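To start, the structure under review is shown below, and the notes come after it.
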Amino acid sequence: MQTEVRKLPKKTVFIITFMVILAIAIFSGLSFLKKAKLTEVLQTIGHSDIKDLTVINKLSVEDTQTRYKSTVFKVMFFDNTLNKTCIGFIHKEKNSHYTKDIDCK
3 MQTEVRKLPK KTVFIITFMV ILAIAIFSGL SFLKKAKLTE VLQTIGHSDI KDLTVINKLS
63 VEDTQTRYKS TVFKVMFFDN TLNKTCIGFI HKEKNSHYTK DIDCK
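So the sequence shown is residues 3 to 107, counted in the numbering used here.
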């Protein structure tokens, strides 16, 4: 008993390849934009000279009293001014107001 192996049509291979490349490009673009936005936010809240920014986690949280939903980013970066590695949270509140809870060691 022999099984017949049929090749995929070239058009199908092209479409699959295009979709994979497009997905990787979109993911990379969104990651870059998120890092750029958080770099800008960190500059406004006191960490102007940073490098190696890593967004560890993004959480959607809700205040139990006001029922307002907001976003918390867990970030890690190296602050060139302090010459220390910093890790902590950036909280995006109403009207794009940001607060920080960052520890540098």
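Every residue gets a Cβ at the ideal spot worked out from N, C-alpha and C, and that includes glycine. Fair warning: this is a prediction, and the values are worked out from it, not measured in the lab.
Span of the alpha helix (DSSP H) holding Thr-46?
-> In the sequence shown, counting from the first residue as 1, residue 46 sits at position 44. Segment 12-46, the alpha helix (DSSP H) holding Thr-46.
Note the first and the last residue of the continuous beta strand (DSSP E) segment covering Asn-97.
-> One-based indexing of the sequence shown puts residue 97 at position 95. Element bounds for Asn-97: n/a, residue is neither H nor E.
Indicate whether Phe-29 and Thr-56 have their beta-carbon atoms separated by less than 8 angstroms.
-> The residue you call residue 29 lines up with position 27 of the sequence shown. The residue you call residue 56 lines up with position 54 of the sequence shown. No, the pair does not count as a contact, with Cβ atoms beyond the cut-off.
Got a sec, what are the start and stop residues for the beta strand (DSSP E) Met-78 sits in?
-> Position 76 of the sequence shown, counted from the first residue, corresponds to residue 78. Note, Met-78: beta strand (DSSP E), 71-81.
Count the CB pairs spanning the region 46-53 and the region 76-92 that are closer than 8 angstroms, and state whether there are at least three.
-> yes
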